[in-house]
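One structure is given here, and the rest of the page talks about it.
Residue numbers (my numbering): 23 to 95.
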């Protein structure tokens with residue numbers, strides 16, 4: 023009985039953490055893209071540099087998601 027409850031707790035915790043990570047990644051991606059589009063549209067940032075700067079932003083999202091692998095519950 024205790025083992026079943028433990029699995030249920032782990033599943034709930036992982037679900038909550040996954041949802042929080044998805045929301046964080048979505049916020050990071052949308053805010054970065056919006057900021058770069060505004061800067062490129064205003065002529066402050068060269069669109070090529072904006073595209074180059076997108077790579078570290080994507081890497082940040084990937085690394086943030088990779089933290090779920092270390093989830094212990």
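Ideal Cβ placement from N, Cα and C applies to all residues, glycine included. A quick note: this is a predicted structure, and the numbers were derived from the prediction, not measured.
If you draw a straight line from the alpha carbon of residue 47 to that of residue 86, how long is it in whole angstroms? Within the chain shown, the letter at position 25 stands for residue 47. Within the chain shown, the letter at position 64 stands for residue 86. Distance between the alpha carbons of residue 47 and residue 86: 7 Å.
Straight-line gap, residue 57 to residue 36 (C-alpha atoms, nearest Å): Here residue 57 corresponds to residue number 35 of the chain shown, with the count starting at 1. Here residue 36 corresponds to residue number 14 of the chain shown, with the count starting at 1. In this structure, the CA atom of residue 57 is about 31 Å from the CA atom of residue 36.
So residue 41 is in the alpha helix (DSSP H); what residue range does that whole segment cover? Position 19 of the chain shown, counted from the first residue, corresponds to residue 41. Going by DSSP, residue 41 is part of the alpha helix (DSSP H) stretching over 24-63.
Under 8 Å Cβ to Cβ from residue 61, same chain only, skipping five residues before and after it: list those, please. Taking the first residue of the chain shown as 1, we reach residue 61 at position 39. If we look at residue 61 and ignore the five residues flanking it on each side, its Cβ neighbours are 67, 72.
Chain-order list of residues whose beta-carbon lies under 8 Å from that of residue 90 (same chain, five-residue window excluded): One-based indexing of the chain shown puts residue 90 at position 68. Result list for residue 90: 36, 39, 40, 43, in chain order.
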